[in-house]
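Report on the following structure.
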Amino acid sequence: MNLEIYLTRHGQTEFNVAGRMQGWCDSPLTIEGRAEAERLGGKLKNHRFDAAFSSTLPRAVQTAQLVLQGAGQQLPVAAVEDLREYHFGSFEAGVAAEAHRKVAQVLGFADTESWLHTFHHVNSTRMIEGVRQIDPEGRAETEEALLARLYRGLRHAVSQSPAEGRILVVSHGMAIAALLKSMLPDAPAHLIPPNSSVSRLRFDGETFRALSMGQTEF
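Here our numbering runs 829 ahead of the position in the sequence shown, where the first position is 1.
In structure tokens:
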């Protein structure tokens, strides 16, 4: 098996702009979010897909449809529940700045600014550790649980795909960052990829391997 996976983050959403936590809850793509997804598709016109998948969250489904539209391809988008974003537990739809302030405290950072530097430039997935510790209801996912379902989702997608070729998979920022971290443990930084960017993977029938991170140009 030799399958290339274009693992794509959804387009910009209203919650992205408003600075709210967006895990399993959803908000619509902005006008710019819809446009950037379609622009990405235009850049991928020469990268033909054999199948298309997304998480079940509407922002991911719509992004996949817009990418295919921009690429001039007519493919059904199969929605896979296991490809959803990290679940932020009690912090779902909450103000991101407040969550970051609490995470900075529980992880022992001197101030929120120091934590945000780590989050944006060193290791974004430490957010999972912090949110899990501060979630008063204990509903936030662990990184282990997140990765288990994401890999289950990817394996479902490849099981529904040809043995060779290229597939589109639209997921979410924290989810993609966690996957890349698991595939590239020695990388110096694991950044959340930009909206409407592609991280390319290859699947050989047994192992997923990261080829690139957060591409926006092709």
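All residues carry an ideal CB built from backbone N, CA and C; glycine is no exception.
- Setting aside the 5 residues that flank it on each side, residue 958 is surrounded in the same chain by 936, 972, each with a C-beta closer than 8 Å to its C-beta; the list follows chain order.
- Contact annotation: the stretch 853-861 does not touch the stretch 996-1013, with fewer than three C-beta pairs closer than 8 Å.
- Restricted to the stretch 956-1000, the alpha helix (DSSP H) segments that are unbroken, complete and at least 4 residues in length are 972-988, listed in chain order.
- With distances taken between CA atoms, residue 907 lies nearest to 886 out of 925, 886, 921.
- Here residue 1027 is actually not in contact with residue 897; their C-beta atoms are around 13 Å apart, not less than 8 Å.
- For residue 1009, the uninterrupted alpha helix (DSSP H) segment begins and ends at 1002-1012.
- Scanning the stretch 856-915 for uninterrupted beta strand (DSSP E) segments of 3 residues or longer gives 880-884, 906-909, listed from N- to C-terminal end.
- Ranked by Cα distance from residue 909, the first of 890, 962, 872, 899 is 890.
- Note on geometry: alpha-carbon atoms of residue 974 and residue 1005 lie some 14 Å from one another.
- Beta-bridge pairing by DSSP links residue 925 to no other residue.
- Each of 929, 978, 966 was checked against the Cα of residue 955, and the nearest Cα belongs to 929.
- Counting only residues of its own chain and dropping the five nearest sequence neighbours on each side, residue 839 has a CB closer than 7 Å to the CB of 888, 889, 892, 999, 1001, 1024.
- Closest option to residue 961, judged by alpha-carbon separation, among 919, 869, 854, 984: 919.
- By alpha-carbon distance to residue 993, the top candidate from 1020, 980, 1032 is 1032.
- The alpha-carbon of residue 900 is positioned some 6 Å away from that of residue 873.
- For residue 1027, there is no enclosing alpha helix (DSSP H); the enclosing beta strand (DSSP E) covers residues 1027-1032.
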